[in-house]
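Just so you know, we're using our numbering here: the sequence shown kicks off at 11 and counts up by one.
Beta carbons are placed, not taken as given, at the ideal position from N, Cα and C, and that holds for glycine.
Computed from a prediction, not measured in an experiment: that's the story for all the values here.
These notes are about the structure you will find just below.
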Amino acid sequence: MNTISNYCRFIGRLVENPKVVEFENTNLCTFTLAINEYRKEKNGEKKKTVNYFDFEAWDSGGETISRYCSKGDIIDLVASARNNSWIDKSGKKRYSTKFRVKEFKLFNQTKERQTVEQ
């Protein structure tokens, strides 16, 4: 039986420093990536569009991202899409999509690497 996986791959720059929220037994790291998309116009000119995507990383993955990454760093990640819906103050149904990080690779970190004590 074939299985369909909900995985997307992204390579982009952090728009701002990751934010961390600590809970009793875990933590959540949230951040936004800016990802460039290039396409050729009819006149042959190359046009750049920047897309912004919101991500969340839980537990040790979120700790690592928040510790070693900061605004402007490039990160390569695999994530699964999560849809959210809610009713706003005016009674209109709203939607958003966030991506939950599954795997990641850090490229050029601006923060100095710190020794992790075990």
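Bridge pairing for Y105: S95 [DSSP]. Using a Cβ-Cβ distance cut-off of 8 Å, the segment 99-106 and the segment 25-38 are not in contact, since fewer than three pairs of beta carbons, one from each stretch, lie closer than that value. If you compare the alpha carbons of F117, C39, E113, F33 with that of D64, the shortest gap goes to C39. One thing to note: E66 has its Cβ within 7 Å of the Cβ of K108. The distance from the Cβ of I84 to that of I45 is about 10 Å, inconsistent with a contact at the 8 Å cut-off. In this structure S76 is buried. Its beta-carbon is surrounded by 16 or more other beta-carbon atoms within 10 angstroms.
Between Y62 and L116, the C-beta spacing is not below 7 Å.
Here S95 is not near R110, since their CB atoms are 7 Å or more apart.
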